[in-house]
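Chemist:
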Amino acid sequence: MRGPGRRGAAWLLAVVLAVSLAGCSDSGGESGDGLTIGLLLPSRAVPRWEKSDKPLIERRIKELCPDCTVVYANAENDAASQRQQMNSMITRGVSALILDVVDPKALRSSVRAARREGIPVLAYDRLAEGPVSGFVSFDGGQVGRLQGRALLKGMGARADGGGVVMMNGDPSSPNTAWYEGGARSVLRDEARILKSYNTLGWRTENANDHMSAAISDLGPNRIDGVLAANDSIAAGVIAALKSARVSPLPPVTGQDADLEAVQRIVKGEQYMTVYKPFRLETEAASAMAVALARGEDIDALVTTTVDSPTNEGVPALLLTPTAVTRETIVPTLVRDGVYTLGQICTPKLRPACDRAGLTR
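Numbering (this note's numbering), first residue to last: 174 to 533.
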């Protein structure tokens, strides 16, 4: 991958200019005064939310709107908690909300309550239901297709009719079906899907339980590959395979480019992950949230529309993900500054990094 690429860089420049101009129009540059933006993230089970998304969004909003205040809450995978957090921010009178929804149906009434109070809601990473004002995410269908293609490649000759276990995400997340649909569109004509599980909370321990059950039911020799929806799920899958002394390990996919997942890829335990340049997503969300808080439209910041079960034509920006295998860690994650080789290649992993050619 070449960083964001020319198209991504041009889009970022357009975002900066659009938001800067919006902030200067009709108000002498003081449109940020007194604005508060709420940020609601879904969990800590997936490392990216706290380690990447939260600090990047907070920092970028401050750059775009120095007088803006960001208030933050994490739902810990609990829809009732997120509903309470969101309602509290509505009562507080925030100027806009960035919502990464735990359960779209459960939060629908809160999105409607925000609309009644004149508070725009930006759906982040997962498409919320109700009258949201915009949506920014990565193309979930493409995420699944990247995983499916990589899995078939990792399976090699066994891909033709080989047996695959699908370890999907949490069914309450709208992204789960999006990812699964993309993956199945690639796998269905070549591999045999032997088992398919949903992983509540995207939790490692739940994935571990499901994978242990699959090994028990199928036997290890029938499992030629595992389509794991993200890296937390992949961790549970791999732990179960190792506990059952499956050797060699079948290829296992992932998503989010968590540091531990990248290290598993270096060791040969995980075959791939999907890298979603969080900076692009957080840049977009920050720019859209600031514009919405200022009462500006976001037409210049979106490229398409999407439909939810409750709304048609939601203004949206869908970004492009990238597959990462051991061979492409440096030109993607290292080049983009996500991790340094020192972070990846700890002293314990130095021999594996040497074998992978990462330390030459």
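Heads up, the beta-carbon is just placed ideally off N, CA and C, and yes, glycines get one too.
Measuring CB to CB, does R467 end up less than 9 Å from L208?
Modeler: Their beta carbons are under 9 Å apart, which means R467 touches L208 by this criterion.
Chemist: Should the stretch 482 to 498 be regarded as contacting the stretch 330 to 339, the criterion being three or more beta carbon pairs within less than 8 Å?
Modeler: Contact fails: fewer than three Cβ-Cβ distances are below 8 Å.
Chemist: Short of 6 Å in beta carbon distance, which residues of its chain neighbour D431, apart from the five on each side in sequence? Order them along the chain.
Modeler: Contacts found: P220, D404.
Chemist: Is it the case that the Cβ atoms of E356 and A380 are separated by a distance below 9 Å?
Modeler: Checking the sequence shown, residue 356 turns out to be Ala, not Glu. No, the pair does not count as a contact, with Cβ atoms beyond the cut-off.
Chemist: With contact counted as at least three CB pairs below 8 Å, one residue from each stretch, are the stretch 406 to 421 and the stretch 493 to 505 in contact?
Modeler: Too few Cβ pairs lie closer than 8 Å, so no.
Chemist: Could you tell me which residues DSSP pairs with T446 in its beta bridges?
Modeler: In DSSP, T446 forms a bridge with V497.
Chemist: According to DSSP, simplified to helix, strand and coil, what is G374?
Modeler: Note: G374 maps to helix in three-state DSSP.
Chemist: Terminal residues of the continuous beta strand (DSSP E) containing G307?
Modeler: Start and end: 307 to 311.
Chemist: Which of the three DSSP states is assigned to Y352 in this structure?
Modeler: If DSSP states are grouped into helix, strand and coil, Y352 belongs with the helices.
Chemist: Tell me which residue opens and which closes the alpha helix (DSSP H) that L414 is part of.
Modeler: Its alpha helix (DSSP H) spans residues 404 to 416.
Chemist: Taking the C-alpha atoms as reference points, what is the distance between L212 and V338?
Modeler: When rounded, the distance between both Cα atoms is 35 Å.
Chemist: Quick check on I396: does DSSP put it in helix, strand or coil?
Modeler: If DSSP states are grouped into helix, strand and coil, I396 belongs with coil.
Chemist: Put G303 into one of helix, strand or coil per three-state DSSP.
Modeler: Coil.
Chemist: Report back the beta-carbon spacing between S216 and N247 to the nearest angstrom; my notes put them in contact at under 8 Å.
Modeler: S216 to N247, Cβ: 7 Å. Contact.
Chemist: My guess is that P347 and L300 are in contact by the Cβ rule of under 8 Å, so how many angstroms apart are they, rounded?
Modeler: Right, the Cβ-Cβ distance comes to about 5 Å (below 8 Å), so this counts as a contact.
Chemist: Taking 6 Å as the limit between beta carbons, can you name the residues of its chain near P344, skipping five residues before and five after?
Modeler: Hits under 6 Å: N371.
Chemist: Tell me the DSSP bridge mates of A296?
Modeler: According to DSSP, A296 bridges with L272, F308.
Chemist: For A412, which of Q436, S385, S389 has the nearest alpha-carbon?
Modeler: A412 has its Cα closest to that of S385, out of Q436, S385, S389.
Chemist: So what does M339 bridge to, in DSSP terms?
Modeler: BP columns for M339 point to S369, L400.
Chemist: Excluding the five sequence neighbours on either side, which residues of its own chain have a C-beta within less than 8 Å of the C-beta of C526, listed in chain order?
Modeler: Excluding positions up to five away in sequence, the list reads V439, L514, I517, C518, T532.
Chemist: Is M328 near P424, with beta carbons less than 9 Å apart?
Modeler: Cβ atoms of M328 and P424: closer than 9 Å.
Chemist: Just how far apart, CA to CA, sit R499 and R437?
Modeler: Near 10 Å, if we compare the C-alpha coordinates of R437 and R499.
Chemist: Please name the residue, chosen from F308, P450, T478, V399, that lies closest to E442 on a Cα-to-Cα basis.
Modeler: Considering only alpha carbons, the answer is V399.
Chemist: Enumerated in chain order, which unbroken segments of the beta strand (DSSP E) with a length of 3 residues or greater are wholly contained in the stretch 452 to 517?
Modeler: Qualifying beta strand (DSSP E) stretches, in chain order: 477 to 479, 487 to 492, 495 to 497.
Chemist: Sort out for me which residues DSSP pairs L537 with in a bridge.
Modeler: In the structure displayed, the chain extends from 174 to 533; residue 537 sits before or after that span and is not available.
Chemist: Just grab the DSSP bridge partners of N247 for me.
Modeler: Partner(s): L214.
Chemist: Going by DSSP, name the residue or residues bridged to T242.
Modeler: Its beta-bridge partners are T209.
Chemist: Alpha carbon to alpha carbon, how far is C197 from A464?
Modeler: Note that C197 scores a pLDDT of 40, beneath 50, so its modelled location is shaky and nothing firm can be said.
Chemist: Buried or exposed for S200, please, with buried defined as at least 16 other CB atoms from any protein chain shown within 10 angstroms of its CB.
Modeler: With a pLDDT of 35 at S200, under the threshold of 50, the modelled position of this residue cannot be trusted; read the value that follows with caution. Classification of S200: exposed, given that the 10 Å Cβ count is below 16.
Chemist: Just to confirm the assignment, what range does the alpha helix (DSSP H) spanning P220 have?
Modeler: Unbroken run through P220: none, as it is neither H nor E.
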